[in-house]
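One structure is given below, encoded as structure tokens.
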Amino acid sequence: MKYLALITIILSFSCKNKHMEKCDKSYSIQVWNINASRAFVNLYAISEDSISITFLGGVVGDTERVLYGKALSQEERLDLCDWLGSIDIDTLKTEYINKAVEDGNQKKVEIILGSKTKTIYVSNFYQKDLGELFNVINMIVKDERYKIRYQSNYTGSVLIRGK
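Heads up: the sequence shown begins at 1 in the numbering used here, then just goes up one per residue.
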């Protein structure tokens, strides 16, 4: 009985924080974090080895500028691989829109995984898989100013379109 308990404990600890060895497909992720009321977008561009955040202004005279950039650590790469391995991008819809809100939290997400591309527009709607992606990105981007705000409590009349 002691040995069974010991084996159970060892196995439970060895399974925690187990990552995929590596991503089996090439990928890139782009997130346009849209702030329509202030006329700008922060573009998050994630490749297999780096992340950058670029300011895209929507007012005459604004200049595009890189706000943040860094190489991804092995742990961060594996966190992204884990997320990519946990979803089927074909099951994500092209739009998740809360029709009760005209402005507010808007994002465009483009995921390229191997030969597949998925573009998703989200407006004031919480979609669990995207919420998990934004959490992974926020763990990589340590600077509070550049974290993606995405709430799980959006309510209202919702429009979900397309494959």
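Heads up, the beta-carbon is just placed ideally off N, CA and C, and yes, glycines get one too.
Could you compute how far the alpha carbon of residue i sits from the alpha carbon of residue j?
i	j	result
Ile-148	Gly-114	25 Å
Val-60	Ile-120	28 Å
Lys-177	Trp-32	Examination of residue 177 is not possible in this model, given that the chain is present from 1 through 163 alone.
Glu-48	Ser-73	10 Å
Cys-81	Asp-90	17 Å
Lys-116	Ser-26	10 Å
Val-66	Ser-86	30 Å
Val-136	Leu-78	10 Å
Asn-35	Glu-102	13 Å
Cys-23	Ile-140	17 Å
Leu-43	Gln-30	7 Å
Phe-55	Glu-64	6 Å
Asp-143	Glu-76	15 Å
Asp-62	Val-41	11 Å
Ala-100	Ile-112	30 Å
Gln-127	Asp-88	14 Å
Along the alpha helix (DSSP H) that carries residue i, what are the first and last residues, could you check?
i	result
Gln-106	Premise fails: Gln-106 lies in the beta strand (DSSP E), 106-113, not in any alpha helix (DSSP H).
Leu-67	First-last for Leu-67: 65-71, but that is the beta strand (DSSP E), not the alpha helix (DSSP H).
Leu-38	One point to set straight first is that residue 38 is Arg, not Leu, in the sequence displayed. No alpha helix (DSSP H) holds Arg-38; DSSP gives it neither H nor E.
Gly-85	74-86
What are the start and end residues of the beta strand (DSSP E) that includes residue i?
i	result
Asn-98	95-98
Leu-56	50-57
In this structure, what does DSSP give as the bridge partners for residue i?
i	result
Trp-32	Leu-43 and Lys-108
Hey, residue i and residue j are a contact pair by Cβ (cut 8 Å); roughly how many whole angstroms apart?
i	j	result
Ile-51	Gly-69	7 Å
Ser-123	Asn-98	6 Å
Gly-131	Tyr-150	6 Å
Ala-39	Gly-57	7 Å
Leu-92	Lys-118	6 Å
Phe-134	Tyr-96	So it is not a contact: roughly 13 Å between Cβ atoms.
**Asked** Fully enclosed by the stretch 110-149, which alpha helix (DSSP H) runs are 4 residues long or longer?
**Response** Segments of the alpha helix (DSSP H) lying fully in the stretch 110-149: 128-140.
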